[in-house]
Amino acid sequence: MTTNRRYTRRAALASAAAVALVAAVAAHAQNDSNTADEIAKYRQMLAEGNPAELWEAAGEELWKKPAGPKKASLERCDLGKGPGVTKGAYAELPRYFADAGKVMDLEQRLAWCRVTLQGLTEAQAKANPFSSQGKPSDIERMVAYITGESRGVKMNVRLDHPEEKRVYALGEKMFHYRGGAYDFACATCHAVDGQRIRLQDLPNLLKDKGAQAAYTTWPAYRVSQGEVRTMQHRLYDCLRQQRFPEPAYGSDVITALTMFLARNANGGTYDGPSMKR
Ligand code: HEC
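911 is the number that my numbering gives the last residue of the sequence shown; the numbers go up by one with no jumps.
This is the structure in structure tokens:
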């Protein structure tokens, strides 16, 4: 399954039927005590075709389609490896961008390209980052496409530029920062080996293995939600569990946390978009 998972039209079509099935099962599974069994079964069924492939295919189309007031596609977007280079770009993000004068993660950079190349306003470029029922998100689709372009590539996030170092240190600080009604930090749940909450294993994100396994598998098609979710969405879920206020979409706070997690995953082979519970 880790070998060649690049999608083909045929695979995309084949998994279209599976998506409908999984969505139905997901709805049913929510109030079913055998959720884990059900999901294990369907996971096996879908082993040959992750529905996320559909998001990747749709994202590629959006990426290449002229849009916005300037009627430009995103094909000249510089994700750090030069204009138009998508292969392997995600495995090196976040990084410092001289043209913007700051460290950006994929989603900030995507918004930047939509503003500078396509002429959207920042508000337009950041609208609807997470899909909801009947309201698909272009951002999630394009993120699925771009991350998929790094599949099989080793994570290689650098801390060369002083800004990269500063942003990493900020992310590290946030990871340990306690607050909210429960006085939790990320570290409360994610800095210990073998910790569990309900039935879920909590990865130790301070260790190579834990950070790699977690970071290299997002975005993920969430069987329980019938949607592809981004790392940013996962972080929102965790911040909610922490009873922290939700940061604005695409904010520097999220980039700092992402920098910390991505760098800690260095050396791991990127393998997303994946499929998760
Ligand atoms: C109250 C406990 C708790 C806190 C605090 C918390 N998380 Fe989580 N986190 C979870 C749970 C539960 C999961 C889901 C694990 C699963 O699905 O197996 C998770 C999953 C994750 C994942 C994905 C792991 C994977 O392998 O897919 C990442 C990354 C993550 N958290 C980062 C963070 C960060 C960064 C913070 C701080 C902003 C944070 N978490 C705070 C409980 C927490």
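The beta-carbon is built from N, C-alpha and C at its ideal position, and this holds for glycine as well. Just so we're clear, the structure is a prediction, and the values are computed from it rather than from any experiment.
beta-carbon residue i near the ligand HEC non-hydrogen atom, thresh 8 Å
{"i": "residue 851", "result": "yes"}
{"i": "residue 819", "result": "yes"}
{"i": "residue 869", "result": "yes"}
{"i": "residue 905", "result": "no"}
{"i": "residue 822", "result": "yes"}
{"i": "residue 875", "result": "yes"}
{"i": "residue 839", "result": "yes"}
{"i": "residue 764", "result": "no"}
{"i": "residue 747", "result": "no"}
{"i": "residue 893", "result": "no"}
{"i": "residue 808", "result": "yes"}
{"i": "residue 738", "result": "no"}
{"i": "residue 836", "result": "yes"}
{"i": "residue 865", "result": "yes"}
{"i": "residue 848", "result": "yes"}
{"i": "residue 706", "result": "no"}
Chain-order list of residues whose beta-carbon lies under 6 Å from that of residue i (same chain, five-residue window excluded)
{"i": "residue 759", "result": "745, 748 and 749"}
{"i": "residue 772", "result": "696"}
{"i": "residue 730", "result": "737, 795, 797 and 798"}
Identity of the residues DSSP links to residue i by a beta bridge
{"i": "residue 831", "result": "834"}
{"i": "residue 909", "result": "855"}
{"i": "residue 701", "result": "706"}
{"i": "residue 717", "result": "712"}
{"i": "residue 788", "result": "903"}
8 Å Cβ shell around residue i - same chain, five flanking residues per side excluded
{"i": "residue 833", "result": "670"}
{"i": "residue 780", "result": "693, 697, 713, 720, 723, 724, 740 and 744"}
{"i": "residue 830", "result": "836"}
{"i": "residue 843", "result": "none"}
Proximal residues to residue i (C-beta, below 7 Å), its chain only, five neighbours per side dropped
{"i": "residue 725", "result": "784, 787, 788, 789, 790 and 904"}
{"i": "residue 778", "result": "686, 689, 690, 693, 853, 862 and 907"}
{"i": "residue 845", "result": "839, 895, 898 and 899"}
DSSP-derived helix/strand/coil call for residue i
{"i": "residue 706", "result": "strand"}
{"i": "residue 799", "result": "helix"}
{"i": "residue 656", "result": "Low per-residue confidence applies at residue 656: pLDDT is 46, beneath 50, and the placement is therefore not dependable, though the value from the model is reported in the following sentence. Residue 656: helix per DSSP, three-state reduction."}
{"i": "residue 807", "result": "helix"}
3 or more residues per run - each beta strand (DSSP E) lying fully within the region 736 to 783: 736 to 738, all fully within the region 736 to 783.
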